[in-house]
Amino acid sequence: DTGVSQNPRHKITKRGQNVTFRCDPISEHNRLYWYRQTLGQGPEFLTYFQNEAQLEKSRLLSDRFSAERPKGSFSTLEIQRTEQGDSAMYLCASSLSLYGYTFGSGTRLTVV
Amino acid sequence: KNEVEQSPQNLTAQEGEFITINCSYSVGISALHWLQQHPGGGIVSLFMLSSGKKKHGRLIATINIQEKHSSLHITASHPRDSAVYICAVRSPNFGNEKLTFGTGTRLTIIP
Chain Z
4 DTGVSQNPRH KITKRGQNVT FRCDPISEHN RLYWYRQTLG QGPEFLTYFQ
54 NEAQLEKSRL LSDRFSAERP KGSFSTLEIQ RTEQGDSAMY LCASSLSLYG
104 YTFGSGTRLT VV
Chain X
45 KNEVEQSPQN LTAQEGEFIT INCSYSVGIS ALHWLQQHPG GGIVSLFMLS
95 SGKKKHGRLI ATINIQEKHS SLHITASHPR DSAVYICAVR SPNFGNEKLT
145 FGTGTRLTII P
């Protein structure tokens with residue numbers, strides 16, 4: 004068990020470009036969460052999956068954002084037409100039950 | 045007003061001091077988490093509480109459900125404890141799946 008893995012660790016992109024992040028959860032965890040954290044703030048919920056089903060999406064997740072978990076294992080988060088306001092740390096977490104949480108190291112996105 | 049508030053926002057102390065970080069919340073909860081975040085960004089889960097008190101090494105976490113308040117204590121603090129400590133709650137008000145976070149307390153321990 005190597006924990007929750009996120010790739011890439013850092014991404015610098017030009018405004019208007021599309022980016023995709025990947026999260027590999029702990030293998031037996033059926034729940035997977037995406038959060039976004041801006042500088043000096045706590046993380047904010049974006050979306051979560053139970054197995055392959057996306058069960059909840061925050062209103063923060065505009066139509067430029069899409070998340071998938073096609074086989075109930077890894078997940079991807081895509082941002083289309085990036086804006087400078089998208090610059091943040093994107094955190095993934097997974098859990099087996101409602102009460103255990105394991106976070107990844109995050110992907111830091113900088114939009115220039 | 046945030047549903048989860050932490051104090052202080054920043055705390056600087058000398059090595060060896062006893063540290064207390066506070067978390068107050070305004071909603072009913074099913075669980076409260078204390079998390080540690082180092083400058084690289086990764087978050088480590090320290091405790092999950094739904095009542096009482098938990099201890100792990102030099103760290104102690106307590107929760108008072110009636111007062112909607114939790115504290116994280118660090119005994120014999122060390123420079124390696126320097127990090128951001130974040131309180132987060134899981135609440136049936138928010139669907140009980142996701143965590144709602146405080147803004148964190150930045151702790152700096154000076155040798």
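Just so you know, the sequences run in chain order Z and X.
4 is the number of the first residue of the first sequence in this note's numbering; add one for each residue after it.
45 is the number of the first residue of the second sequence in this note's numbering; add one for each residue after it.
Just so you know, even glycine gets a beta-carbon here, dropped at the ideal spot from N, CA and C.
Checking the sheet assignment: what are the DSSP bridge partners for residue i?
| i | result |
| --- | --- |
| Arg134 of chain X | X:Ala75 and X:Leu143 |
| Ile118 of chain X | X:Ile63 and X:Leu103 |
| Ser8 of chain Z | Z:Asp27 |
| Ser51 of chain X | X:Asn66 |
| Gly96 of chain X | X:Ile107 |
| Arg34 of chain Z | Z:Gln53 and Z:Ser98 |
Can you find a CB in chain Z that lies within less than 8 Å of the CB of residue i?
| i | result |
| --- | --- |
| Lys142 of chain X | yes |
| His100 of chain X | no |
| Gly85 of chain X | yes |
| Gly96 of chain X | no |
| Ile130 of chain X | yes |
| Phe62 of chain X | no |
| Ser89 of chain X | yes |
Contact criterion: CB-CB distance below 8 Å. Does residue i meet it with respect to chain X?
| i | result |
| --- | --- |
| Phe28 of chain Z | Reading off the sequence shown, one finds Pro at residue 28 of chain Z, where the question assumed Phe. No, its Cβ sits nowhere closer than 8 Å to a Cβ of chain X. |
| Arg72 of chain Z | no |
| Leu112 of chain Z | no |
| Gly109 of chain Z | yes |
| Phe68 of chain Z | no |
| Phe48 of chain Z | yes |
For my contact list, residue i and residue j are in at a C-beta cut-off of 8 Å; report their separation, rounded to the angstrom.
| i | j | result |
| --- | --- | --- |
| Tyr93 of chain Z | Phe48 of chain Z | Not quite, the Cβ-Cβ distance comes to about 12 Å (not below 8 Å), so this is no contact. |
| Gly146 of chain X | Glu59 of chain Z | Contact doesn't hold; Cβ gap of about 21 Å is too wide. |
| Thr130 of chain X | Glu59 of chain X | With the sequence shown as reference, residue 130 of chain X is identified as Ile, and Thr is not the correct amino acid for it. Actually they do not touch by this definition, with Cβ atoms about 22 Å apart. |
| Val7 of chain Z | Ala70 of chain Z | About 15 Å separates the two Cβ atoms, so there is no contact after all. |
| Leu79 of chain X | Ile87 of chain X | 5 Å |
| Glu47 of chain X | Ser74 of chain X | Not confirmed; about 14 Å, so no contact. |
| Pro52 of chain X | Thr149 of chain X | 6 Å |
| Val115 of chain Z | Arg18 of chain Z | 7 Å |
| Gly85 of chain X | Arg39 of chain Z | Rounded, the Cβ-Cβ distance is 12 Å, inconsistent with contact. |
How far does the beta strand (DSSP E) with residue i in it reach, from first residue to last?
| i | result |
| --- | --- |
| Thr113 of chain Z | Thr110 to Val114 |
| Val22 of chain Z | Val22 to Asp27 |
| Glu55 of chain Z | Where Glu55 of chain Z is concerned, there is no enclosing beta strand (DSSP E), given that its DSSP letter is neither H nor E. |
| Val88 of chain X | Ile87 to Leu93 |
| Glu81 of chain Z | Ser78 to Ile82 |
| Lys14 of chain Z | His13 to Thr16 |
| Ser126 of chain X | Premise fails: Ser126 of chain X is in no beta strand (DSSP E) and is neither H nor E. |
| Leu42 of chain Z | Looking at the DSSP string, Leu42 of chain Z is not in any beta strand (DSSP E), and its letter there is neither H nor E. |
For residue i, go through chain Z and note every residue whose CB falls closer than 7 Å to its CB, in chain order.
| i | result |
| --- | --- |
| Ser70 of chain X | Chain Z residues near Ser70 of chain X: none, gap ~15 Å exceeds 7 Å. |
| Ser51 of chain X | Ordered by position in chain Z, no residue passes the 7 Å Cβ test against Ser51 of chain X, which lies about 14 Å from the chain. |
Kindly say whether residue i, judged by its beta-carbon, lies nearer than 8 Å to any beta-carbon of chain A.
| i | result |
| --- | --- |
| Thr56 of chain X | Here chain A cannot be found, since the structure's protein chains are Z and X. |
Run down chain X in chain order and give the residues with a C-beta less than 8 Å from the C-beta of residue i.
| i | result |
| --- | --- |
| Thr105 of chain Z | Ser89 |
| Leu94 of chain Z | Gly85 and Ile87 |
Starting from the beta carbon of residue i, find every residue of chain Z whose beta carbon is closer than 8 Å, and list them in chain order.
| i | result |
| --- | --- |
| Ile147 of chain X | According to the sequence shown, residue 147 of chain X is Thr rather than Ile. Gly43, Gln44 and Gly45, listed in chain order. |
| His77 of chain X | Tyr104 |
For residue i, which residues in chain X fall below 9 Å Cβ to Cβ?
| i | result |
| --- | --- |
| Glu59 of chain Z | Gly139, Glu141 and Lys142 |
Any heavy atom of the ligand ATP closer than 7 Å to the Cβ of residue i?
| i | result |
| --- | --- |
| Thr113 of chain Z | The ligand ATP is not among the ligands present in this structure, which contains no ligands whatsoever. |
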